[in-house]
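Undergrad:
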Amino acid sequence: MDWGYYAKPSKTFCQGMVNKQCSFPRGKVLGGSAVSNVMVYHRASPLDYDFWASSGNDGWSYKEVLPYFIKSERIQIDEYDHGYHGTNGPLRVNYTAPHSTVSEPFFRACEEKGLKRIDYNGKDTLGVSRVQFNINFNKRDNSAHAFLDPIIDIRSNLRVLLNAFAIKVLLKGSTAEGVEFVKDCKRYIVKARKEVILSSGSINSPQLLMVSGIGPREELNKHKIEVKNELPVGRHMKDHTMFFNLVFRSNEVAPNKTLRENLERYIKGETPLTNALGVENVAFINTKTPGKGLPDIELITSPPPLGVANKLQSILFFNFDSDVSKVFDGYNPLTDFSIYVVLLNPKSIGSVTLQSKNPIDFPVIDLNYFSDPNNEDIETMYQGVKYVLSLSKTRAFRDINATFIGHQLGCEDLKKNGSEREYWYCALRQFSTTIFHPMSTTRMGRSPKESVVDSKCLVHRTKNLRVVDAGVIPNIIRGHPNAPIYMIAEKISDEIKKYYGEL
Ligand SMILES: Cc1cc2nc3c(=O)[nH]c(=O)nc-3n(C[C@H](O)[C@H](O)[C@H](O)COP(=O)(O)OP(=O)(O)OC[C@H]3O[C@@H](n4cnc5c(N)ncnc54)[C@H](O)[C@@H]3O)c2cc1C
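Each residue of the sequence shown is one higher than the last, beginning at 166 in my numbering.
Structure, rendered in structure tokens:
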């Protein structure tokens, strides 16, 4: 169900991972990564979209994209900002239940620090909230369940082929004619009557374009691929970095239920078995101008009993070195909780390139975190860490004796001898990983020097070829990308219908 990618080894981050490589999961299933993700429903900041529009992408201001967010959504939460949410769309949005015992103390601690409770998909972008999930009571909701299942058997113009691997876009001159793919060890060609749309995600769409001859000249030359259209494919990847070794121990003890008890509660609809990887609350803060401006850091809480990564999970999921992952043995899953720090607007730029011209070979994913010349990214993360540590001084945290116990294995010497900043920089390089949000590898824009697709997601200088996935996002957004990708797909569907006179 997953491609099983690893990012390129690094010297500046993922230092706690085997071979200094972060694992990089991508869904290999109908519905893509939405089927195996954490289901956080977030639209990012309205100003992110206004920036898309002001940088030359007509039609993408927040005012213009909001109707498409609303169109796909079916909110099932009681209280939300009216005018921002949809109630009739296919995609459910809800909380998971029930609340953990450390949830309310976290809210109160944030309030003491000046944050208010908000609907983060509504009118405010700075504040604290429970996470809104794409969840349909006890079950996941996503691209496959919400959008495809209801129509897959009834649309005569839809045919889905499973286990079919696209290996090339067929180009005649500058026109896309179809796609070559492999299924059950046989090669097939499918011709397009109107156009070809790639939605292989921000890692695989660039790979497919490059092996087909659309990409940076030097990259294609390196692999002896004929250059059919020189475009900066794979060149502007940005991703959100996450630091997750900030662990607190409190007096609150999570109920330690047996499987039978949990099953009984599940059958009664209390949903204790359905917790989205332990994620519960979020806070969006601006570390430079507290209370004002756009968020630069997101905090995510993970309460007991899943609130701390265990050794096995850290090795299997994040690729932690088994020595480094010993740190997780010191945490108690029933009393300890984590607060993750996520960098929302990174300056560092990564890339997707080719290992070879063979489409079966995995692409090369260079995350390149913490590489910006002025160290802004790691410094903003450090400010986020300091914010989290300062929560232990709040009355709400003191009331439950929430004490910081996070151990930054491998950085101890710096704590003894070095500055506070050097210690945390070391910890950030050791324990930061991806939150799996690669974007902008085939980004939208006006100039073919800077971008790959235009504002209708059509590949520059190529006829009848579109890309519609996370890659087209012009610049990384301050939020989780899944909801914006549904929005992009809804909007481009209308563009296509309009173009062919069906809207
Ligand atoms: C573990 C994890 C947790 C995440 N959590 C969240 C979250 O909580 N909230 C959120 O908003 N986002 C989250 N994300 C990110 C989000 O899921 C992705 O950004 C989003 O799914 C990307 O959508 P996409 O359409 O661009 O690509 P994908 O969802 O990756 O879909 C691409 C599809 O194309 C298929 N494909 C690729 N190459 C080929 C080929 N050559 N031939 C045929 N098919 C091909 C793939 O198998 C896949 O089905 C998470 C991602 C991961 C991996």
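Glycine is no exception: its CB is placed at the ideal position from the N, C-alpha and C atoms.
Note that the coordinates shown come from a computational prediction; the quantities given were computed from them, not determined experimentally.
Taking C-beta to C-beta, are residue 233 and residue 284 nearer than 8 angstroms?
TA: Taking the first residue of the sequence shown as position 1, residue 233 is located at position 68. Taking the first residue of the sequence shown as position 1, residue 284 is located at position 119. No, the Cβ-Cβ distance between residue 233 and residue 284 is not below 8 angstroms.
Undergrad: Check the DSSP bridge columns for residue 502 and list the partner residues they point to.
TA: Residue mapping note: residue 502 aligns to position 337 of the sequence shown, counting from 1. Its beta-bridge partners are 413.
Undergrad: Around the Cβ of residue 503, are there at least 16 other Cβ atoms within 10 angstroms (buried) or fewer (exposed)?
TA: Here residue 503 is taken as the residue at index 338 of the sequence shown, counted from 1. Buried, by the Cβ-count rule.
Undergrad: Give me the residue from 514, 349, 339, 409 with the minimum Cα distance to residue 377.
TA: Reading the sequence shown from its first residue, position 212 is the one you call residue 377. Ranking 514, 349, 339, 409 by Cα distance to residue 377 puts 339 first.
Undergrad: Below 8 angstroms on the Cβ atoms is my guess for residue 406 versus residue 462; work out the distance and round it to an integer in Å.
TA: In the sequence shown, residue 406 corresponds to position 241, counting from 1. In the sequence shown, residue 462 corresponds to position 297, counting from 1. Contact doesn't hold; Cβ gap of about 11 angstroms is too wide.
Undergrad: By alpha-carbon positions, which one of 537, 629, 209, 643 ends up nearest to residue 337?
TA: The residue you call residue 337 lines up with position 172 of the sequence shown. The option with the nearest alpha carbon to residue 337 is 629.
Undergrad: Could you tell me if the beta carbon of residue 194 falls within a distance shorter than 7 angstroms of some heavy atom in ligand 1?
TA: Sequence index remark: in the sequence shown, residue 194 carries index 29 (1-based). Within the cutoff, so yes.
Undergrad: Within the continuous beta strand (DSSP E) that includes residue 433, where are the two ends?
TA: Within the sequence shown, the letter at position 268 stands for residue 433. Note, residue 433: premise wrong, no beta strand (DSSP E); not H, not E.
Undergrad: Within the present structure, is the beta-carbon of residue 632 separated from the nearest heavy atom of ligand 1 by less than 7 angstroms?
TA: Here residue 632 refers to the residue found at position 467 when the sequence shown is read from its first residue. Not so, every heavy atom of ligand 1 lies at least 7 angstroms from the Cβ.
Undergrad: Residue 572 and residue 495: beta carbons closer than 8 angstroms?
TA: Mapped onto the sequence shown, residue 572 falls at position 407. Mapped onto the sequence shown, residue 495 falls at position 330. For residue 572 and residue 495, yes; Cβs fall inside 8 angstroms.
Undergrad: What residue does the alpha helix (DSSP H) around residue 346 start on, and which one ends it?
TA: Numbered from 1 along the sequence shown, position 181 holds the residue referred to as residue 346. That residue, residue 346, is in no alpha helix (DSSP H); its beta strand (DSSP E) goes 340-348.
Undergrad: May I ask whether a heavy atom of ligand 1 can be found less than 7 angstroms away from the beta carbon of residue 207?
TA: For the purposes of this step, residue 207 is taken as the residue at position 42 of the sequence shown. Residue 207: yes, Cβ under 7 angstroms from ligand 1.
Undergrad: Quick one, which of 197, 633, 222, 293 has its alpha-carbon nearest residue 611's?
TA: Taking the first residue of the sequence shown as 1, we reach residue 611 at position 446. Considering only alpha carbons, the answer is 222.
Undergrad: Just to confirm the assignment, what range does the alpha helix (DSSP H) spanning residue 216 have?
TA: In the sequence shown, residue 216 corresponds to position 51, counting from 1. It spans 211-219 - the alpha helix (DSSP H) in which residue 216 sits, taken as one unbroken run.
Undergrad: Terminal residues of the continuous beta strand (DSSP E) containing residue 292?
TA: Position 127 of the sequence shown, counted from the start, is the residue given in the question as residue 292. 292-295 is the span of the beta strand (DSSP E), which, as asked, contains residue 292.
Undergrad: What residue range does the beta strand (DSSP E) around residue 446 cover?
TA: Here residue 446 is taken as the residue at index 281 of the sequence shown, counted from 1. Segment 446-450, the beta strand (DSSP E) holding residue 446.
Undergrad: Which whole-angstrom value is the C-beta distance of residue 404 and residue 212, which I expect to be below 8 angstroms?
TA: Residue numbering aside, residue 404 sits at position 239 when the sequence shown is read from its first letter. Residue numbering aside, residue 212 sits at position 47 when the sequence shown is read from its first letter. 20 angstroms between Cβ atoms; not a contact.
Undergrad: Can you give the Cα-Cα distance for residue 317 and residue 355, rounded to whole angstroms?
TA: The residue labelled residue 317 in the question sits at position 152 within the sequence shown. The residue labelled residue 355 in the question sits at position 190 within the sequence shown. Whole-angstrom Cα-Cα distance: 20 angstroms.
Undergrad: Quick check: the Cα distance between residue 382 and residue 464, rounded to an integer number of angstroms?
TA: Against the sequence shown, residue 382 aligns to sequence position 217. Against the sequence shown, residue 464 aligns to sequence position 299. Approximately 40 angstroms between the Cα atoms of the pair.
Undergrad: If you draw a straight line from the alpha carbon of residue 608 to that of residue 236, how long is it in whole angstroms?
TA: One-based indexing of the sequence shown puts residue 608 at position 443. One-based indexing of the sequence shown puts residue 236 at position 71. If you take the alpha carbons of residue 608 and residue 236, they lie about 24 angstroms apart.
Undergrad: In chain order, what residues of the same chain lie with their CB nearer than 7 angstroms to the CB of residue 543, ignoring the 5 residues before and after it?
TA: For the purposes of this step, residue 543 is identified with residue 378 of the sequence shown, where counting begins at 1. Excluding residues within five positions, the ones whose Cβ falls inside 7 angstroms are 535, 590, 593.
Undergrad: What distance in whole Å lies between the Cβ atoms of residue 370 and residue 636, which are believed to be in contact at a cut-off of 8 angstroms?
TA: In the sequence shown, counting from the first residue as 1, residue 636 sits at position 471. In the sequence shown, counting from the first residue as 1, residue 370 sits at position 205. Contact holds; Cβ gap of about 5 angstroms.
Undergrad: Quick one: is the Cβ of residue 324 within less than 7 angstroms of any heavy atom of ligand 1?
TA: As a working mapping, residue 324 is identified with position 159 in the sequence shown. No.
Undergrad: Which residue marks the beginning of the alpha helix (DSSP H) containing residue 485, and which one marks its end?
TA: As a first step, residue 485 must be located in the sequence shown, where it is residue number 320. Neither: residue 485 is in no alpha helix (DSSP H) and is coded neither H nor E.
Undergrad: Looking only at its own chain, which residues have a Cβ that is under 6 angstroms from the Cβ of residue 178, when we skip the five neighbours before and after it?
TA: Stepping through the sequence shown from its first residue, residue 178 is reached at position 13. Here the set comprises 534, 535, 594, 597.
Undergrad: Using only the heavy atoms of ligand 1, determine whether one of them is closer than 7 angstroms to the beta carbon of residue 358.
TA: For this step, residue 358 is matched to residue 193 along the sequence shown. No, Cβ of residue 358 sits at least 7 angstroms from all heavy atoms of ligand 1.
Undergrad: Could you round the C-beta distance between residue 456 and residue 291 to whole angstroms and report it? I think they count as a contact, below 8 angstroms.
TA: For the purposes of this step, residue 456 is taken as residue 291 along the sequence shown, with counting starting at 1. For the purposes of this step, residue 291 is taken as residue 126 along the sequence shown, with counting starting at 1. Right, the Cβ-Cβ distance comes to about 7 angstroms (below 8 angstroms), so this counts as a contact.
Undergrad: Under a Cβ-count criterion, where at least 16 other Cβ atoms within 10 Å of its own Cβ denotes burial, should residue 525 be classed as buried or exposed?
TA: By one-based count along the sequence shown, residue 525 stands at place 360. Result: exposed.
Undergrad: Does the region 359-366 come into contact with the region 383-397, if we say contact requires no fewer than three beta-carbon pairs (one atom in each stretch) closer than 8 angstroms?
TA: No, the region 359-366 is not in contact with the region 383-397.
Undergrad: Please report the distance separating the alpha-carbon of residue 184 from that of residue 565.
TA: As a first step, residue 184 must be located in the sequence shown, where it is residue number 19. As a first step, residue 565 must be located in the sequence shown, where it is residue number 400. Cα to Cα, the separation comes out at about 40 angstroms.
Undergrad: Within the chosen definition, does the region 243-263 reach the region 295-303 through at least 3 CB pairs nearer than 8 angstroms?
TA: Yes, since at least three Cβ pairs between the region 243-263 and the region 295-303 fall closer than 8 angstroms, the two stretches touch.
Undergrad: Is the number of C-beta pairs between the region 424-438 and the region 472-482 that are closer than 8 angstroms three or more?
TA: Touching, no, given that fewer than three Cβ pairs across the two stretches are closer than 8 angstroms.
Undergrad: Please determine, among 264, 342, 417, 195, the residue with the shortest C-alpha to C-alpha distance to residue 310.
TA: As a first step, residue 310 is located in the sequence shown; it is residue number 145 there, counting from the start. The shortest Cα separation from residue 310 among 264, 342, 417, 195 belongs to 195.
Undergrad: Using DSSP bridges, identify the partner residues of residue 539.
TA: For the purposes of this step, residue 539 is identified with residue 374 of the sequence shown, where counting begins at 1. Answer by DSSP bridge pairing: none, since residue 539 is not bridged.
Undergrad: From the DSSP output, which residues share a beta bridge with residue 331?
TA: Start at 1 with the first residue of the sequence shown, and residue 331 comes out as number 166. Answer is 346.
Undergrad: If I follow the unbroken alpha helix (DSSP H) through residue 285, where does it start and stop?
TA: The sequence position of residue 285 within the sequence shown is 120, counting from 1. Neither: residue 285 is in no alpha helix (DSSP H) and is coded neither H nor E.
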